[in-house]
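Asker: If you number the sequence shown the way UniProt numbering does, the last residue is 292 and the count never jumps.
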Amino acid sequence: MSVRSILKNITIYGAGGVLGRAIQLFLLPLYTRYLSPERYGSLELIYVLINIISILAGMMIASGYVREYYDCDEKEKDVLFYTAFWYTFLSSLIMFIIVLILPNDLKSWLSATDKENVIIYIAVFCAGIKNLSQLFYNRLMVIKKATTYTVINVISTLFILIITIFFVVVLEKGIKGIFYALLIGNLIEFIICLLYSGRLPIISMKYHLVKKMLYFSIPLVYVQFFYLIISLSDRYFISYFLTMKELGIYSLSYKLAAFIPIIAIYPLKGFSPDVYERAKQSDSYKILLSRF
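Structure, rendered in structure tokens:
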């Protein structure tokens with residue numbers, strides 16, 4: 001991969017990621033108008049829960065898939081993807097069942113949505129669907145389809161934007177409407193990814209491939225999990241020691257400030273495929289990076 005290709009990938013991945021986050025910022029005025037600060041605080045706690053479940057459900061095996069892709073021969077690459085897909089599906093299903101049987105008091109505490117467990121169920125389901133879609137995105141990344149990756153990402157994000165406006169503004173469904181929209185949007189995203197792949201993943205799981213992928217991804221789980229504790233646990237402290245209203249105001253301010261580092265983070269996706277592909281060609285890669 002040349003310097004020009006790296007710059008192209010950085011631009012494409014960066015534009016898609018930043019646009020997606022920009023659309024989320026666009027929704028903030030909508031939330032402030034149609035949701036009370038208390039309800040927005042509840043929304044933020046559910047987002048924290050989604051992030052945690054997304055990490056634990058699939059054990060970040062999508063990252064392990066990218067790492068192992070370049071060590072597999074051509075015949076084994078499809079089997080690697082199917083293995084990662086069905087592992088993610090089964091682990092997400094198990095996580096959903098666990099949440100179903102949790103005591104209602106615990107579910108209410110985790111999300112601050114008393115007697116609205118349907119929101120929790122939708123959130124957990126969305127986390128699982130998103131993990132499956134992420135596998136398709138990672139596959140596009142390793143086969144160097146950066147433009148397709150970004151087009152699907154942008155289309156899906158726009159769908160969620162439009163559906164969210166419909167549920168919140170037109171139907172006035174409030175916080176439930178946001179998660180109905182998220183559910184529909186994530187399902188549309190998954191269907192688009194599935195249609196682009198051209199076929200349903202074959203039911204196939206190879207234990208040795210699961211082991212290899214998890215060997216790489218499990219250490220990342222620790223990193224991401226404790227990162228969430230450091231960066232997002234303050235939401236629970238604020239909700240416990242102060243009020244949900246103050247949490248809502250704090251979360252809105254945090255969203256605005258968090259947009260700046262995203263501009264630097266998303267373009268780095270352009271490096272990932274090439275890093276693993278050239279991992280065994282250290283000399284050539286050092287030369288490429290020095291030119292870059």
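Backbone N, C-alpha and C define an ideal beta-carbon position, used for all residues, glycine too. All values derive from a computational prediction rather than experimental measurement.
Select from S251, I202, V170 and G177 the residue whose C-alpha is nearest the C-alpha of A84.
Answerer: Considering only alpha carbons, the answer is I202.
Asker: From L187 to I249, what does the alpha carbon distance come to, in whole angstroms?
Answerer: 30 Å
Asker: Less than 7 Å between C-beta atoms, sequence neighbours within five positions excluded: which residues of the same chain meet that for P29?
Answerer: none
Asker: What number of angstroms, rounded off, separates the C-alpha of I53 from the C-alpha of V124?
Answerer: 7 Å
Asker: I need the straight-line Cα distance from I191 to V210, nearest angstrom please.
Answerer: A direct Cα-to-Cα measurement between I191 and V210 gives close to 25 Å.
Asker: In the structure shown, what three-state DSSP assignment does E68 receive?
Answerer: helix
Asker: Under 7 Å, do M213 and E76 count as touching if we go by C-beta distance?
Answerer: no
Asker: Could you tell me the alpha carbon to alpha carbon distance between I97 and A57, rounded to whole angstroms?
Answerer: 11 Å
Asker: Helix, strand or coil, according to DSSP, for M244 in the structure here?
Answerer: helix
Asker: I need the straight-line Cα distance from I120 to Y31, nearest angstrom please.
Answerer: So the two alpha carbons sit approximately 19 Å from each other.
Asker: Shortest alpha-carbon distance to S233 belongs to which of R33, V48 and I175?
Answerer: Ranking the options by Cα distance to S233, first place goes to V48.
Asker: Out of R33, A62 and F136, which has the shortest C-alpha to C-alpha gap to S91?
Answerer: A62
Asker: By the 10 Å Cβ neighbour count, where 16 or more other Cβ atoms means buried, how is L242 classified, buried or exposed?
Answerer: exposed
Asker: Look up K206 in the DSSP assignment and say whether it is helix, strand or coil.
Answerer: Correct three-state label for K206: coil.
Asker: Just tell me which of F159, I46 and I152 has its CA closest to the CA of L247.
Answerer: For the residues F159, I46 and I152, the minimum Cα distance to L247 belongs to I46.
Asker: Alpha carbon to alpha carbon, what distance is there between F89 and P95?
Answerer: First, the amino acid is wrong: residue 95 is Met here, not Pro. As the crow flies, the alpha-carbon of M95 is around 10 Å from that of F89.
Asker: How is S233 classed by DSSP in three states: helix, strand or coil?
Answerer: coil
Asker: Is the stretch 218-234 close to the stretch 157-167, with three or more CB pairs under 8 Å?
Answerer: Touching, no, given that fewer than three Cβ pairs across the two stretches are closer than 8 Å.
Asker: Only counting the same chain, and skipping five residues up and downstream in sequence, which positions put a Cβ closer than 6 Å to that of C72?
Answerer: L80
Asker: Quick check on the DSSP output: what are the complete alpha helix (DSSP H) runs of length 4 or more inside the stretch 107-164, in order along the chain?
Answerer: DSSP runs (the alpha helix (DSSP H)) wholly in the stretch 107-164: 117-142.
Asker: Considering S197, what are the terminal residues of the alpha helix (DSSP H) in which it resides?
Answerer: G174 to S197
Asker: Could you tell me how far apart the beta carbons of G64 and S239 are, in whole angstroms, since I believe they sit closer than 8 Å?
Answerer: No, G64 and S239 are not in contact; Cβ-Cβ is about 34 Å, not under 8 Å.
Asker: Give the secondary structure of L49 by DSSP, where H, G and I count as helix, E and B as strand, and everything else as coil.
Answerer: helix
Asker: Could you check which residue in E44, I229, I143 and I184 has the C-alpha nearest to that of I122?
Answerer: I184
Asker: Among residues of its own chain, excluding the 5 on either side of Y180, which ones have a beta-carbon nearer than 6 Å to its beta-carbon?
Answerer: F167
Asker: With 16 as the cutoff for other CB atoms within 10 Å, does I230 come out buried or exposed?
Answerer: exposed
Asker: How long is the line joining the alpha carbons of residue 301 and N51, rounded to whole angstroms?
Answerer: What the structure shows of the chain is the stretch from 1 to 292, and residue 301 is not part of that stretch, so it cannot be assessed.
Asker: Leaving out five residues on either side along the sequence, give the residues of the same chain with a beta carbon under 6 Å from the beta carbon of T148.
Answerer: L140
Asker: Return the first residue and the last residue of the alpha helix (DSSP H) that V100 is part of.
Answerer: Going by the sequence as given, residue 100 is Leu instead of Val. Run containing L100: E74 to I101, per the alpha helix (DSSP H) assignment.
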